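I have placed the structure first, in the form of structure tokens, so that the comments after it can refer back to it.
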């Protein structure tokens, strides 16, 4: 008995020492974060992480420790560093909240920071809102969503993307964001790795960080027209990699992958038995050829969709996930734990919205994107003409330009834009949303031009 107690005491001593070292490491991470902030460097440094990962693997080989366990522990430490260095990071949402606060004080703000269409939902939505009470959609419902709504969604998706989807492949969620959250949280375990191609909507990274998942980023550039290489992805995959996130048409760049490259990425995922999480909420706004991940019939794919962009129903908070029924079951368990079910009244309204013709929304946003692109080109902004979505991601070629400082100063002039660093290590970029009337967009771009001339 004394032997086991001695061993336990030794293990306790080691554990306490590890906690002390964790405190020391966290303090150093904070100092590094301050230095990075002062010199304008991004939070994540993939090259340094790869170097440290190599040293850890080499050490494991020398001391006879399981490499997978050690790298999972390393991923925990790296995530903690990211957390302490990201606490004051500003995104499009932080600018949006500041803009709303200024509006409450009576200041006029042109909103080009968020992807919220200014047009109304289809007329049928208004009619459906008046019907829900009489039709009795007022009670608790099934966590995956109303069967009649899921059946309607299955038919809608099958017809739209020429695939065979059943209602068991559908889960209704409060916005696509929640389906993304449940997919990442239920399918991956702490210490696992997930690949994200940047620039990217920050929620993928945030959801992963919250679940203890390490995000490995593939950085793309405006010079390469925001196109990743298969070699980049292949070299990032290791034994801890479990998922690749795709978002095309892309937020913030509007990029659509060419079909050959997309085919190669899917094949790579299949070869390595990886999940593919494909956020396709901007599919209605594709201006060039686009192919849904559903077309590959890959059993480890999860596609998310939403009524927010396509039907201008941002405030209704209704989206859905499409996946193999076994994946849907896992996602449903977490959704049940968090919120029981999406209100049936909202589901009914969304179901009726499926009957509406939203092609005019597509035409409107595409025309506005053209207006943005023309103005941005005249102003000398560095960008790739979007293949779709509703944004322009532009580099400001001015010495010492900082997107966060610029976004905050632009608010004072009545213009809200999204700083590029919210989408990855893109400090000298801003994202411009094409969700306002053309005249308003031109006015916003004129304000942008005036600020640039003042700063130059």
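In my numbering, the protein residues as written are 12 to 467. Note that CB positions come from ideal geometry on N, CA and C, so glycine has one too. Quantities reported herein were computed from a predicted structural model and do not represent experimental measurements.
query	result
CB contact flag (residue 59, residue 263, <7 Å)	no
Those runs of the beta strand (DSSP E) which lie wholly inside the segment 287 to 367 and span at least 3 residues	312 to 317 and 330 to 334
Candidates 205, 463, 298 and 209: closest to residue 284 by CA position	205
Neighbourhood of residue 96 by C-beta distance below 6 Å, restricted to the same chain and skipping five residues each side	44 and 54
Of the listed residues 198, 401 and 346, nearest to residue 374 (C-alpha basis)	401
Any C-beta of chain D under 7 Å from that of residue 66	Among the chains in the structure shown there is no chain D, since it carries only a single protein chain.
Reference residue 332; option with closest CA among 324, 348 and 311	311
The segment 98 to 113 / the segment 413 to 422 touching (three or more Cβ pairs under 8 Å)	yes
Pair within 7 Å by beta-carbon distance, residue 172 and residue 305	yes
Rounded separation between residue 461 and residue 115 - CA only	25 Å
Spatially closest choice to residue 221 from 247, 240, 253 and 192, by CA coordinates	192
DSSP state of residue 188 mapped onto helix, strand, coil	helix
Span of the beta strand (DSSP E) around residue 208	204 to 209
Contact under 7 Å by Cβ, residue 239 with residue 293	no
Selection from 81, 349, 180 and 352 that minimises the alpha carbon distance to residue 313	180
Member of 195, 369 and 237 whose CA lies at the smallest distance from the CA of residue 323	369
Cβ-based neighbour list, residue 347, same chain, cut-off 8 Å, excluding 5 preceding and 5 following	154
Alpha carbon of residue 156 to alpha carbon of residue 340, nearest angstrom	12 Å
Complete runs of the alpha helix (DSSP H) confined to the segment 240 to 280 [at least 4 residues]	241 to 247
Beta-carbon gap between residue 360 and residue 140 smaller than 7 Å	yes
Burial state of residue 152 (16 or more Cβ within 10 Å)	buried
Residue 97 (DSSP reduced to helix, strand or coil)	coil
Distance, residue 394 Cα to residue 413 Cα	17 Å
Cut-off 7 Å between Cβ atoms - residues of its own chain near residue 258, not counting five sequence neighbours on either side	211, 212 and 290
From 189, 234, 236 and 209, residue whose alpha carbon lies closest to that of residue 226	209
Rounded C-alpha distance that separates residue 408 from residue 440	9 Å
Residue 144 versus residue 316: straight-line alpha-carbon distance, rounded	27 Å
Backbone CA spacing between residue 78 and residue 68 [nearest angstrom]	6 Å
Nearest-angstrom Cα separation, counted from residue 178 out to residue 203	30 Å
Span of the alpha helix (DSSP H) around residue 140	134 to 146
N-terminal and C-terminal residue of the alpha helix (DSSP H) that residue 172 is part of	158 to 172
Status (buried if at least 16 other CB within 10 Å, exposed otherwise) for residue 128	buried
Cα-Cα separation between residue 52 and residue 37, rounded to whole angstroms	19 Å
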